[in-house]
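Residue numbers (this note's numbering): 1018 to 1494. Okay, so here's the structure we're looking at.
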């Protein structure tokens, strides 16, 4: 082989070695997603693509002695199938980024004599020169899209975790309400039986017997509805955790977590959300990717320009080898990529509007979640500290008056009904307060425990959020 063919051979070998060194390894991006989830939720129990999925017997072992809130959170992050599916989007985006950094393969053209009349052999090896401008822009866009995908998946993990916390609180509240209705039914059965015995003994009238039997039927209907609501709440929790099989009897070991209302001002909370929300950061990366796509489309106006060495071997007696430079170009006479540039520019403007809209929505969402968390915390504190104790005291006084002959049986029944209503409201308020905290953390993009000065935890009666002044003046409901 002559020296003239060495440049082409060297170029081909170098390109082959460069492509052979490229590998698709998304593991660092998977780890980035886990770190972002830990930052935004406080938990690192995230799906690991390299780890095997939980086997059915392992799930059965976890659920055999009941499901705690911490176990539900771990299952939400590691076993939720929607999150597991979304996690592979990171691998897809990483592969796209790897592909965007590669130059186009060189083109090899050979001209060989077939009729035996010519002794000329010609080879041309050409590379795309415009890749020197296109590849950096494509790589920047793909990298921004990869970063946006990591942020979106991490945000999805936080949303699923908040959904699991809300579903757990709703299930706990529904189970507690079922227990209240079961006690109500038991009480109504006992009262109806006692009044029936009194009527047969001549100590109660038919009207009193009828008035005592009516609540028993109502209690049966309420208990049936509460049982169905508790089963549906467990099934909703199972959906979030991607659990299969029967979960209607699943035992939930934790109570609704009641925490202090966030003392942060609304404007400060909005600023915190704008800093911490991963979906807003993902939109920033999406805008950067769109800007890179505009640059990439503009680089495509010129079409293509290729260049490379051309090696020619002539027949005997015709001069041996010859080397020349080969240049080829597509002429942008008809298609100058106007549509591609315009499409990329329109997409960029669309994403900018989406980003502005998202910021406005986040501000409203944070203010609403903050207001709801404070209101529900006040309601839960009011129900626990005033409504329920006063209903219990009223029932005690009614029973004492009835025993002394100063009040009828129906005064006691009315006091018992008021106590059951107070217990329903207390259970409901506690569940709503726990769900409101999960919604607030979702709106802020971080757990309350990560906010300076907010330790969370169970509030004491004196530290609980005080109800508004209008409620203080209104007395007991």
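Ideal placement from N, C-alpha and C gives every residue a C-beta, glycine not left out. Since this is a predicted model, take the numbers as computed values, not measurements.
- In the three-state DSSP reduction, residue 1425 falls in the coil class, being neither helix nor strand.
- Non-local C-beta neighbours of residue 1444 in its own chain, meaning closer than 8 angstroms and more than five positions away in sequence, comprise 1190, 1193, 1194, 1197, ordered along the chain.
- In the DSSP assignment, residue 1222 falls outside any alpha helix (DSSP H), carrying neither H nor E.
- A residue is called buried when at least 16 other Cβ atoms come within 10 angstroms of its Cβ; residue 1317 meets this threshold and is buried.
- Counting along the chain, the unbroken alpha helix (DSSP H) around residue 1079 starts and ends at 1073-1081.
- If the five residues before and after residue 1179 are omitted, its C-beta is found closer than 8 angstroms to the C-beta atoms of 1455, 1456, 1458, 1459, all from its own chain and listed in chain order.
- Looking at the DSSP output, residue 1084 sits in a beta bridge with 1269.
- Rounded to the nearest angstrom, the gap between the Cα atoms of residue 1164 and residue 1044 is 14 angstroms.
- One thing to note: residue 1422 has its Cβ no nearer than 7 angstroms to the Cβ of residue 1186.
- Shortest Cα-Cα distance from residue 1057 to any of 1417, 1376, 1291, 1380 involves 1291.
- Annotated three-state conformation of residue 1206 is helix, per DSSP.
- Excluding the 5 residues flanking it on each side, residue 1375 has same chain C-beta neighbours closer than 8 angstroms at 1296, 1297, 1300, in chain order.
- Between the C-alpha atoms of residue 1419 and residue 1269 there is a straight-line separation of about 39 angstroms.
- Residue 1064 is classed as buried because its beta carbon has at least 16 other beta carbons within 10 Å across all chains shown.
- Taking a contact to require three or more Cβ pairs closer than 8 angstroms, the stretch 1067-1085 and the stretch 1222-1232 do not qualify as touching.
- Contact between residue 1260 and residue 1076 holds, since their C-beta atoms are separated by about 7 angstroms, short of 8 angstroms.
- Below 8 angstroms, too few C-beta pairs join the stretch 1215-1230 and the stretch 1155-1164 to call them touching: fewer than three.
- DSSP places residue 1049 in the uninterrupted alpha helix (DSSP H) bounded by 1044-1058.
- Residue 1182 holds the alpha-carbon nearest to the alpha-carbon of residue 1271 among 1446, 1182, 1402, 1256.
- Per DSSP, the unbroken alpha helix (DSSP H) holding residue 1108 starts and ends at 1098-1117.
- Taking residue 1427 as the centre and dropping the five residues before and after it, the same chain places the C-beta of 1225, 1228 closer than 8 angstroms to its C-beta, in chain order.
- For residue 1065, the secondary structure class from DSSP, reduced to helix, strand or coil, is coil.
- Under the three-state reduction of DSSP, residue 1274 is assigned to coil, being neither helix nor strand.
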